[in-house]
Structure formats: structure tokens, C-alpha cells
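Written below as C-alpha cells is the structure these notes are about.
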Amino acid sequence: MQMEIYRRCYKKYGFPFLAAALCVLLEALCDLMQPTIMADIIDRGVKNRQIPVILHFGVQMLVITFLGALFATARNILSSRVSQSFGADLRFDVFRKIMRLSESAPDPIDSGSLITRVTNDTAQVTQFVNGMMRIFFKAPVTCLGSIVLAVMLSPRLSLVLFAVVFLVSALIVASMKLSYSRFAKVQSAVDKVNRTVQEYLLGVRLVKAFGRYGDEKKKFDGVNRNVAERSVASQMVIVIFSPLMSLAVSLGIAASLFFGSVLFRAGQIDVGRIAAYINYMTQILASLIMITNIFNTFVRTKASNERILQVLRGEEDSGGSLRAFRDHSGRLSFRNVTFAYPSGSGTPAVRNLSFSLDPGETLAVIGPTGSGKSTVAWLCLHFYEAKEGAVLYNGTNVNDLDTKVLREQIALAPQKSMLFSGTVFENIALGRPGASEREVVEAAEIAQADGFIREMPEGYNSILGQGGVNLSGGQKQRISIARALVRNSPVLILDDCTSALDSVTEAKVRRGLKAAGNGKSVILITQKAGTAMAADQILVLDDGARAGYGSHRELLRTCAVYREIYESQIGTLRPEAEPYGG
Ligand code: ADP
Ligand code: MG
Numbered sequence: 000m001q002m003e004i005y006r007r008c009y010k011k012y013g014f015p016f017l018a019a020a021l022c023v024l025l026e027a028l029c030d031l032m033q034p035t036i037m038a039d040i041i042d043r044g045v046k047n048r049q050i051p052v053i054l055h056f057g058v059q060m061l062v063i064t065f066l067g068a069l070f071a072t073a074r075n076i077l078s079s080r081v082s083q084s085f086g087a088d089l090r091f092d093v094f095r096k097i098m099r100l101s102e103s104a105p106d107p108i109d110s111g112s113l114i115t116r117v118t119n120d121t122a123q124v125t126q127f128v129n130g131m132m133r134i135f136f137k138a139p140v141t142c143l144g145s146i147v148l149a150v151m152l153s154p155r156l157s158l159v160l161f162a163v164v165f166l167v168s169a170l171i172v173a174s175m176k177l178s179y180s181r182f183a184k185v186q187s188a189v190d191k192v193n194r195t196v197q198e199y200l201l202g203v204r205l206v207k208a209f210g211r212y213g214d215e216k217k218k219f220d221g222v223n224r225n226v227a228e229r230s231v232a233s234q235m236v237i238v239i240f241s242p243l244m245s246l247a248v249s250l251g252i253a254a255s256l257f258f259g260s261v262l263f264r265a266g267q268i269d270v271g272r273i274a275a276y277i278n279y280m281t282q283i284l285a286s287l288i289m290i291t292n293i294f295n296t297f298v299r300t301k302a303s304n305e306r307i308l309q310v311l312r313g314e315e316d317s318g319g320s321l322r323a324f325r326d327h328s329g330r331l332s333f334r335n336v337t338f339a340y341p342s343g344s345g346t347p348a349v350r351n352l353s354f355s356l357d358p359g360e361t362l363a364v365i366g367p368t369g370s371g372k373s374t375v376a377w378l379c380l381h382f383y384e385a386k387e388g389a390v391l392y393n394g395t396n397v398n399d400l401d402t403k404v405l406r407e408q409i410a411l412a413p414q415k416s417m418l419f420s421g422t423v424f425e426n427i428a429l430g431r432p433g434a435s436e437r438e439v440v441e442a443a444e445i446a447q448a449d450g451f452i453r454e455m456p457e458g459y460n461s462i463l464g465q466g467g468v469n470l471s472g473g474q475k476q477r478i479s480i481a482r483a484l485v486r487n488s489p490v491l492i493l494d495d496c497t498s499a500l501d502s503v504t505e506a507k508v509r510r511g512l513k514a515a516g517n518g519k520s521v522i523l524i525t526q527k528a529g530t531a532m533a534a535d536q537i538l539v540l541d542d543g544a545r546a547g548y549g550s551h552r553e554l555l556r557t558c559a560v561y562r563e564i565y566e567s568q569i570g571t572l573r574p575e576a577e578p579y580g581g
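Each residue of the sequence shown is one higher than the one before, starting from 0 at the first, in numbering that gives the first Met the number 0.
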């Protein structure tokens with residue numbers, strides 16, 4: 000499962016990957032031959048004072064060193080190229096997936112954590128792939144090769160060698176076990192820092208308004224220190240274990256020298272061989288440390304890996320059966336729907352709700368904040384699945400429809416208008432890629448946005464967002480409405496999109512919708528009785544349940560909640576509210 004990411008890499012870069020592995024292998028073999036050649040120079044050349052023999056082996060050594068350097072260069076070039084393009088691919092995949100995830104969920108994974116996943120975690124994996132291609136094969140080959148050659152040089156000295164290898168391996172396993180959970184903690188601490196900064200930025204006005212800088216600073220200080228402490232804790236493992244490993248190997252070298260000298264005095268071994276033996280021992284040390292590094296990076300990468308895979312495997316839009324429909328009349332109905340947010344406390348946001356919206360009709364949904372109005376919109380678009388009851392589109396349960404097709408049929412202007420960096424035109428055309436200029440302008444006209452857009456310095460080509468034009472809440476809402484309109488779908492849902500508009504502009508938008516509506520079914524979510532009263536039908540929600548359902552006149556007579564809303568907003572303008580008591 001962990002290997003999934005590397006399998007992706009291998010699939011795409013199989014050839015350069017294998018070429019790098021081959022280079023590493025040859026390089027390791029070159030390294031392995033050096034001490035044996037050195038032993039020959041000493042034992043055959045130096046000991047017997049044979050200059051030609053020394054020269055012969057010396058040249059051999061030079062050639063092999065040169066070849067080794069050549070292979071090392073080749074694998075370095077290959078590994079940086081492969082790992083960097085793999086990293087770029089991975090970042091792209093994660094980003095693309097995040098886009099899809101956020102499309103399917105109104106409340107996606109914590110975005111602070113998503114950002115670290117796209118940047119930090121992919122960098123970690125990239126670094127690991129790079130390291131793996133450079134040394135992954137080299138370390139085991141050098142280690143095993145050195146052991147074999149050392150044993151061949153002197154089977155008797157090998158007892159020391161095996162003791163050292165055993166000890167160091169045990170240390171490696173222990174350090175791996177300790178560092179994994181610690182590193183995972185560092186990662187989550189970094190996430191928290193990101194989240195804190197992000198929360199601050201989102202609520203910066205609120206922080207200013209309430210003068211809560213002190214609290215924010217304290218909060219940041221806390222999470223920030225936490226990162227430092229946890230990083231130290233994770234470094235501790237390395238700090239303690241790597242000197243222990245060096246110590247074990249140094250003791251091994253000392254022991255080999257001691258036993259080597261005993262054997263030498265007994266005439267059972269030559270000086271050159273002892274030197275070569277020590278040399279292999281240091282190579283074993285070097286490769287064992289390399290292996291620990293690989294494991295350390297692997298352990299760190301494991302956490303990153305999991306976090307990336309979590310995104311890549313994230314639930315996308317559930318497809319449903321691919322039942323497309325070409326019906327251009329939009330009929331939406333709820334049949335005894337009860338729904339509680341999976342992430343919520345379990346209390347239903349919508350309870351036993353039934354209503355229906357016929358083609359061409361306008362249904363207003365009114366109710367206080369938190370009464371479940373937006374939830375109705377999310378359910379219509381199948382952002383969440385109703386577990387009890389049924390949401391039907393043209394008579395078919397939306398669970399059985401292809402979500403993509405369903406969302407082509409229902410356009411939503413969400414409660415929170417979102418603008419993206421780009422031009423005004425692009426922001427509106429987002430509703431339907433490929434929309435013509437005429438369609439965009441028409442939509443903007445109906446949404447009463449055309450006027451203020453044309454007053455901008457560059458009209459429809461003005462840049463919005465960072466460094467661009469700043470829009471008021473009402474202007475954002477109108478652009479958001481235009482975006483939904485340009486989609487030109489049979490059903491239109493406006494979720495409290497006129498809350499920031501003055502009543503004159505709002506009435507214009509409503510009239511525009513009616514005129515241009517030609518058979519569109521509209522759900523108008525609002526908190527204002529003045530907006531709701533013009534609709535064909537009004538659904539009154541109270542705490543997720545239906546408190547009333549009917550026309551304005553009917554509801555005034557039959558629904559206490561509606562009457563209360565109406566009177567509190569409009570009723571106050573009646574004569575009985577006259578200040579002088581009449
Ligand atoms: P309204 O749009 O009428 O203000 P909502 O439909 O947004 O109300 O919310 C209805 C209830 O569901 C509220 O109690 C709210 O706290 C809860 N709720 C809304 N969105 C979520 C969510 N994403 N996760 C959990 N609970 C939610
Ligand atoms: Mg809402």
C-alpha cells in the first residue's frame with residue numbers, strides 16, 4: 000500500500016529508473032574492488048619491493064576509480080531528473096484531486112493541511128525518490144559485497160564482523176521504531192501552524208473588530224513552540240542512535256586490529272589483508288549509516304506518503320448509474336427527507352421534509368439562520384446523501400443519477416459568493432465553460448451586474464481578486480447570480496444571494512429572472528419575507544422541519560412562524576408602529 004506512490008513513479012519512469020539502478024550497481028562494484036586491489040599492492044608489490052607489480056595494480060585502481068566516478072555522475076543526473084519530474088507529476092495529481100474533492104464537498108479536508116500536502120509532503124516524497132535512486136541499491140550491495148569479500152579475506156576475523164553487523168542492525172530497527180510516531184507528530188504540529196495562520200487570515204476583520212490580537216498571538220506562539228519541541232524530540236532519536244552505531248563499528252575495527260595482529264604474529268594473515276579488511280569494515284559502516292538514512296527518510300516519507308494517498312484516494316463524486324436525461328423541465332421534490340451532517344453532532348439539519356417544485360415554478364424557502372435552508376440546497380445537488388427519505392429530480396432519486404449530469408441540470412449560487420482571481424468575464428463564464436460574450440453579458444444584465452461592471456476601468460476584463468478590483472458584498476452576490484444564470488439549466492437555486500442587495504435592486508433581479516426565466520424552476524432561499532412573498536409557493540423552515548408550506552396569503556393565515564417573520568420585517572411599517580401612538 001505504501002508502495003503505491005513508488006509504483007506510479009516506476010510505471011512512468013521505468014527505463015531511466017532501471018538505468019540509474021544499473022549505474023549504482025556498477026558503481027558499488029567498483030568501490031568493492033578497491034580494497035582487494037590495495038591488498039594486492041601491499042602484499043605482492045610493497046612487501047616484495049616489486050615496482051612493476053605496484054604500477055600494474057595502481058593503474059588498475061585508477062581505471063576502476065575513474066569508471067566508478069563515471070557511473071556516479073550518470074546516476075546523479077538520472078536520479079535528479081526522474082525525481083523532479085515525478086515530484087511535479089505528483090503535485091499536479093494531488094492538486095487536481097483537491098479540485099475535484101472541493102467540488103464534491105462544501106466542507107473539504109482542512110485546507111491548511113491540504114496546502115502542506117501539496118508542497119511539503121510531495122517535496123518529501125520527491126526527495127526520497129531521489130535518494131532512493133542514488134543510494135537505495137548501493138547501500139545493500141556495498142554492505143553485502145563487503146561482508147562477502149571480508150569473509151573471503153579472513154574467515155577467522157569474521158566473527159567480529161558478524162557481531163558488529165548484528166549490533167548495528169538491532170540499533171537501526173530500534174531507531175526506526177522510535178522515530179516513526181515522532182515524525183508523524185511533527186507533521187501534525189506543522190499542520191496546526193498552517194491552520195492557525197489560515198484561521199487568522201479568514202477572520203482577520205473579526206480579530207480587528209474585537210481587538211483580539213493578544214489571543215491570536217498566544218495561540219500562534221503555542222502551536223509554533225509545539226513544532227519546535229516535537230522536531231527536537233524526533234531529532235533526538237537520530238542524535239542518540241547514530242553515534243551509537245559509529246561506536247559499535249569503531250569497536251569492531253579495534254577488535255579486528257587486535258585479532259588481526261594476533262593472526263599476523265602467528266603468520267596466518269598478511270598486513271595488506273588486514274588493511275583491506277579494515278577498509279571493508281568502514282565500507283560496511285558507511286553503507287549501514289546510509290541504510291539508516293534511507294530508513295529515516297522512508298519513515299518520514301511514510302507519513303507524507305499516507306497523507307498524499309489520503310488525498311488521492313479521497314471520495315470523489317459518487318457516480319450513480321450513468322442515467323443521463325434530456326428532459327428540460329426541472330421538477331424537484333423532497334419526500335420525507337431526514338438528514339444529519341456526517342461531521343455534525345447527529346441532530347438532523349433537516350427533518351422529515353417534503354415539498355415539491357414544479358417546472359417553471361418559483362419556490363421560496365424562508366426561515367431563520369440554521370433552520371436548514373442551505374442544507375436543502377446541498378441535498379438537491381447531491382453534495383450529501385439523504386439517508387432517510389428521497390430527493391427526487393424529475394421523479395428519479397438523485398442517488399441514482401450521475402452527479403455530474405444532475406449538476407448540469409441544477410445551477411446553484413451558493414450563500415457565500417466565491418470569486419476567483421481572473422477577469423470578471425472569466426468569473427461569470429465559469430458557470431458554463433465556453434459561454435459566449437453575449438450570454439455572459441445577458442446573464443450579468445439579469446443579475447443587475449452589467450451596470451457596475453461597465454463602470455469598472457476595464458469593464459468585463461477587469462481583474463478580480465488579489466491586486467485587482469475589490470467588490471462589495473452585493474456586487475459579489477450579483478456576479479455569483481450571473482454565474483449561475485449563464486449555466487442556463489432548468490433549475491436555479493439562489494441561496495440567500497440577495498441578502499446584501501437593497502430592495503430596489505433585488506426587485507429588479509427578481510423581475511429579470513421572471514422575464515428571462517422561460518420555464519426555469521427556481522428555489523429562492525432567503526431570510527426576508529419581502530423576497531419570499533412574490534414566490535408561487537413558500538416553504539417555511541424551523542429547526543430543519545417544515546413549519547408551513549403554501550402561498551403568502553395562505554401562510555399569513557395558517558403559519559405562526561411565517562406571520563412572525565413577516566410582521567417583524569414588514570409588519571413594523573404598518574400604522575400600529577407609528578411612534579406617536581396615533
Ligand atoms: P441555514 O442555511 O438555514 O442558515 P444550514 O442549512 O446552513 O442553515 O444549517 C442547518 C444546520 O446544520 C445548522 O444547525 C448547522 O449548524 C448545521 N450544519 C450546516 N452545515 C454543516 C456542516 N457542513 N457540517 C455540520 N453541520 C452543519
Ligand atoms: Mg444558509
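From the three backbone atoms N, C-alpha and C, an ideal C-beta is built for every residue, glycine too.
* Pair within 8 angstroms by beta-carbon distance, Q476 and S550 -> no
* To do: Quick one: give me the first and last residue of the beta strand (DSSP E) that N335 is part of.
  => L331 to F338
* Please indicate yes or no: does the CB of Q414 lie closer than 7 angstroms to some heavy atom of the ligand MG? => yes
* Asked: K372: beta carbon under 7 angstroms from a heavy atom of the ligand ADP?
  -> yes
* To do: Please determine, among V349, A183 and E441, the residue with the shortest C-alpha to C-alpha distance to A624.
  => The chain is shown only over 0 to 581; residue 624 falls outside these bounds and no answer can be derived.
* Just the Cα atoms here: how many angstroms apart are V397 and K372? -> 18 angstroms
* To do: Could you name each continuous alpha helix (DSSP H) segment of 4 residues or more that falls completely within the stretch 381-435, going from the start of the chain to the end?
  => Complete alpha helix (DSSP H) runs here, min 4: 402-408 and 423-428.
* Residues bridged to R545 by DSSP? -> R545 is bridged to L540.
* With a Cβ-Cβ cutoff of 8 angstroms, do L311 and K96 count as a contact? -> yes
* So what does D494 bridge to, in DSSP terms? -> I524
* To do: Could you check the C-alpha separation between L411 and S344 for me, to the nearest Å?
  => 26 angstroms
* **Contacting residues, own chain, Cβ-Cβ under 8 angstroms from F297 (five flanking each side not counted)** => F127
* Asked: With F382 and L352 assumed to form a contact (beta carbons below 8 angstroms), what rounded beta-carbon distance in angstroms separates them?
  -> The pair is not a contact, with the Cβ atoms about 16 angstroms apart (cut-off 8 angstroms).
* Name, in chain order, the residues that DSSP records as bridge partners for L87. => Checking the displayed sequence, the identity of residue 87 turns out to be Ala instead of Leu. A87 pairs with nothing; no bridge assigned.
* Asked: Run through DSSP, which three-state label would L362 get?
  -> strand
* Asked: Helix, strand or coil: which one does DSSP assign to Y12?
  -> Helix at Y12.
* **DSSP three-state assignment for Y5, whether helix, strand or coil** => helix
* Asked: In or out: K176 buried (at least 16 other Cβ within 10 Å) or exposed?
  -> exposed
* Asked: Along the chain, where does the beta strand (DSSP E) that runs through F354 open and close?
  -> V349 to L356
* To do: Return yes when the C-beta of D542 is under 7 angstroms from any heavy atom of the ligand MG, and no when it is not.
  => Set against 7 angstroms, the gap from the CB of D542 to the closest heavy atom of the ligand MG is not smaller.
* Within 10 angstroms of the Cβ of K191, are there 16 or more other Cβ atoms? Answer buried if so, exposed if not. => buried
* **Cβ pair A274, M32 closer than 8 angstroms** => Against a cut-off of 8 angstroms, the Cβ pair of M32 and A274 comes out as no contact.
* Flag I76 as yes if its beta-carbon sits less than 8 angstroms from any beta-carbon of chain B, otherwise no. => No chain B appears in this structure, which consists of one protein chain only.
* Relative to the C-alpha of E444, which residue among N460, I427 and G433 is closest? -> I427
* Is it true that the CB of T557 sits closer than 8 angstroms to the CB of G547? -> yes
* To do: Determine the contact status of G259 and L160, defining contact as a CB-CB distance below 8 angstroms.
  => no
* Distance, Cα to Cα, I239 vs W377? -> Roughly 54 angstroms separates the two Cα atoms.
* Asked: Whose C-beta lies closer than 8 angstroms to the C-beta of A247 among residues of the same chain, with five residues either side of it excluded?
  -> V163, L166, V167 and L170
* Who are the near neighbours of T504 in its chain, counting only those whose CB is closer than 6 angstroms to its CB and skipping five residues on each side? -> Q447
* How many Å lie between S461 and Y9 at the Cα? -> 45 angstroms
* Asked: If we call anything under 8 angstroms between Cβ atoms a contact, is Y276 one with L158?
  -> no
* To do: Give me the Cα-Cα distance between A122 and L400, rounded to the nearest whole angstrom.
  => Rounded to the nearest whole angstrom, the CA to CA distance from A122 to L400 is 39 angstroms.
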